[in-house]
Amino acid sequence: MDLRIAAFKEALDSFAYLARRDLAEIRQMLHDERLIDGFQNGRAQKFEYTTELCWKAIKAFLKEEDGIDEAAPKKVIKAYYVGGYVKEDDYLLLLDAIEDRNRLSHIYDAETFNHILERLPDYAALFERVSAQLGKDSDRPSST
């Protein structure tokens, strides 16, 4: 398995765990808004990192499976969709994930930040579907 795919799967495990934590429960445990802020920023950073690894894993997969070598994240995601590896809903959600990852680097208001964080469980589920597909298809026998 390509190292980028392995790195993606490893990062996904910790991201999915954090993405699914109930913020109200975390607030009860931490009792300090500075710690909550640190937790939220950590979740955002895990999302950014995992999103980056996701599209790069897809890029490595496409190069190995189909000889496709795109450089830009959105072009990689489109080639993945056109290749029939992902359904349209997940294709659009992958594009949203790329957009939200980019937005996190340039936002300065809590409302947008929190809106993106609310979508993390959906992104975790999406990345798990992609991870499963990458593992399944990368082990498929050659059709020659």
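Under the working numbering, think of the first position of the sequence shown as 681, with each following residue one higher. Positions of the beta carbon are idealized from the N, C-alpha and C atoms, including for glycine.
Option in the options with minimal Cα separation from residue i
i    : options                : result
Q720 : E791, A805, V810, A812 : E791
A737 : Q725, A724, A752       : A752
Q813 : Y761, K754, L797       : Y761
T730 : D780, G815, Y771       : D780
Cβ distance (whole Å) where residue i is taken to contact residue j below 8 Å
i    : j    : result
L773 : D746 : At roughly 22 Å, the Cβ-Cβ gap does not stay under 8 Å, so L773 and D746 are not in contact.
E808 : L715 : Rounded, the Cβ-Cβ distance is 28 Å, inconsistent with contact.
Cβ neighbour criterion (16 or more within 10 Å) applied to residue i
i    : result
R723 : buried
A740 : buried
Y765 : buried
L742 : buried
D717 : exposed
K674 : Absent from the model: residue 674. The displayed extent of the chain is 681 to 824, so no value can be given.
K726 : buried
I757 : buried
A704 : exposed
L806 : buried
A696 : buried
D770 : buried
L733 : buried
L800 : buried
Residue range of the alpha helix (DSSP H) that includes residue i
i    : result
V762 : 753-762
S694 : 683-699
H786 : Segment: none, H786 is in no alpha helix (DSSP H) and carries neither H nor E.
H795 : 790-798
K726 : 713-746
E705 : 703-710
Check: residue i C-beta below 7 Å from any heavy atom of the ligand ATP
i    : result
Y697 : The ligand ATP is not part of this structure, which contains no ligands at all.
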